[in-house]
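Working notes, beginning with the structure itself.
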Amino acid sequence: MSADDFRRFATTAAGTSPLYAALAEQVADDGRLREVSEAAGDPSVALFFAAVQRVLADRGDHPLAAYYPSFGGDRAPDAELAEAFEGFVVGHRDRLEALLVTGHVQSNEPLRAAQLRPAFGWAQAGLGRALGLIEVGTSAGLLLYPERYGYVYEFGDGSVLERLPAADPDQRDDVPGPVLRCLVRGAATAKTLAPFVSKELRVSSRVGIDLNPLKPADAETRAWLRAQVWPEEADRLARLDAALAMAARYPLRLRQGDVLDILPAAIGMVAAPSVPCVFLSNTLAHLTAEARTSFVEIIRALGSSRDLVLILKEPDAVGLGLFVERPGGDPSAARADSLGAVLYQSGRERSFLLGTAGSRGDWLDWSPAML
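In structure tokens:
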């Protein structure tokens with residue numbers, strides 16, 4: 011990573027994390043700190059800061075922790091921050107470098123379930139059958155529990171649509187998922203969104219696919235996912251903790267391997283009359299162009315022989331645009347993902363734009379239309 015990489019990160023982080031913005035500027039100006047960050051070749055800036063926060067979690071008495079709200083610190087960046095950070099990084103160089111070699115940026119944001127939940131409801135309503143959920147790029151699988159989360163959708167006119175977490179009547183020690191809050195933009199109203207959120211979602215099976223799936227019940231998994239949350243994001247950290255506790259109580263099958271190798275078998279295991287529902291959320295950009303092409307070919311081949319639905323929450327160019335021609339986006343516009351669906355029934359392919367969505371799950375513009 012170059013000094014420019016850290017300076018760009020500092021600019022991006024300034025509005026969310028004053029701490030990371032200050033630290034990124036420091037690393038940009040300090041060649042010795044960049045040497046540590048480059049231990050694994052060319053990892054991301056986010057991976058470097060996650061590694062620092064992970065090691066700091068075990069060294070809560072270090073002066074650096076006083077600057078991290080995630081560890082109870084309340085000290086704003088000041089003249090002594092640089093010395094504390096440099097001392098910590100240099101003093102724990104071996105462990106940081108080991109994490110940079112073995113670690114991956116695998117943040118698992120449960121709030122994205124608030125964007126996916128209407129898409130699953132839309133698919134179930136159109137197909138009239140239960141869904142067999144298959145997530146590609148699942149990380150710890152936190153998005154595979156859409157019916158166990160509670161949802162609060164807030165509209166511009168002040169109205170609210172709520173759905174509380176589903177309880178398991180067969181489990182006395184039921185652990186519900188957190189309640190997810192999502193702002194709804196655009197023309198959608200509580201009345202138009204309700205049919206896709208309020209009705210019970212029938213999930214017949216669920217499986218996640220990832221090159222490195224994470225187990226929510228594993229203490230190191232939880233620590234690593236927590237380290238990827240930026241220090242000032244207290245709400246996000248609390249949401250992650252609640253989702254991990256729920257997922258640990260209800261473990262599911264996470265398969266390790268390349269999606270191109272595993273996906274056909276995973277789809278084949280969804281027993282009729284349920285319909286396989288493959289979904290991806292901010293995953294396809296991490297695949298090569300060749301792998302994305304192969305993914306499309308696999309989906310189309312499988313969709314020609316059985317009913318299937320694909321839900322995509324991705325930037326247009328690496329998501330819905332792989333299946334249907336999409337207009338070029340405005341490069342100056344704020345980043346937004348397309349929420350789309352590709353539906354296969356009796357061998358026929360149809361593409362739908364369900365709306366647009368923020369990358370982290372905080373807002374949704376719900377406006378389903380066939381393309």
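In the working numbering, the protein residues as written are 11 to 381. Ideal placement from N, C-alpha and C gives every residue a C-beta, glycine not left out. Keep in mind it's a predicted model, so treat the numbers as computed, not measured.
So, for residue i: in the same chain, excluding its five sequence neighbours on each side, which residues have a beta-carbon less than 6 Å away from its beta-carbon?
| i | result |
| --- | --- |
| G136 | none |
| I272 | I219, R265 |
| P53 | L110 |
| A34 | F16, F19, A20 |
| G368 | none |
| R212 | A140 |
| C192 | A124, Y163, L374 |
Whole angstroms are fine: how far does the CA of residue j sit from the CA of residue i?
| i | j | result |
| --- | --- | --- |
| L126 | G41 | 43 Å |
| D220 | A89 | 43 Å |
| R64 | A197 | 42 Å |
| A227 | L190 | 21 Å |
| V319 | F98 | 49 Å |
| S356 | L74 | 60 Å |
| S348 | N292 | 10 Å |
| M380 | V328 | 19 Å |
| E107 | L57 | 11 Å |
| Q36 | G113 | 23 Å |
| Q134 | E164 | 23 Å |
| D104 | A38 | 21 Å |
| L43 | V100 | 8 Å |
| A200 | F206 | 10 Å |
| A253 | R232 | 11 Å |
| H72 | V46 | 19 Å |
| S27 | V239 | 11 Å |
| A346 | P325 | 7 Å |
So residue i is in the alpha helix (DSSP H); what residue range does that whole segment cover?
| i | result |
| --- | --- |
| A34 | 28-38 |
| D46 | The residue asked about is misnamed: residue 46 is Val in this sequence, not Asp. 41-47 is the span of the alpha helix (DSSP H), which, as asked, contains V46. |
| Q63 | 55-67 |
| T202 | 200-207 |
| V306 | 299-313 |
Assuming residue i and residue j are in contact, meaning their beta carbons sit under 8 Å apart, how far apart are those beta carbons, in whole angstroms?
| i | j | result |
| --- | --- | --- |
| L353 | G365 | Contact doesn't hold; Cβ gap of about 16 Å is too wide. |
| G142 | V285 | 7 Å |
| L262 | R195 | That pair is no contact at about 32 Å. |
| E359 | R310 | 7 Å |
| G160 | G131 | About 15 Å separates the two Cβ atoms, so there is no contact after all. |
| L91 | A150 | Between A150 and L91 the Cβ distance is about 32 Å, and since that is not below 8 Å, they are no contact. |
Would you kindly report the start and end of the unbroken beta strand (DSSP E) that includes residue i?
| i | result |
| --- | --- |
| A379 | 373-380 |
| A351 | 347-355 |
| L273 | Note, L273: premise wrong, no beta strand (DSSP E); alpha helix (DSSP H) at 269-278. |
| S291 | 285-291 |
| V162 | 160-165 |
| T112 | Element bounds for T112: not the beta strand (DSSP E) but the alpha helix (DSSP H), 103-112. |
Report the residue from the options whose alpha carbon sits nearest the alpha carbon of residue i.
| i | options | result |
| --- | --- | --- |
| D317 | D347, G278, A123 | G278 |
| S304 | V269, E324, E96 | V269 |
| E145 | P28, P274, A233 | P274 |
| Y260 | N222, L235, D184, A301 | D184 |
| K209 | L29, E172, P283, A60 | E172 |
| E96 | S80, D84, F59 | F59 |
Which same chain residues end up closer than 7 Å to residue i when comparing Cβ atoms and leaving out the 5 residues on each side of it in sequence?
| i | result |
| --- | --- |
| E119 | R370, G371 |
| D251 | none |
| R302 | L294, V328, L332 |
| M256 | Y155, R158, V185, P186, G187 |
| S314 | G357 |
Spatial neighbours of residue i within its chain, please: C-beta separation below 8 Å, excluding the five flanking residues on both sides.
| i | result |
| --- | --- |
| L414 | Only positions 11 to 381 of the chain appear in the structure, and residue 414 is not among them; the question remains open. |
| V170 | V162, Y163, E164, A200 |
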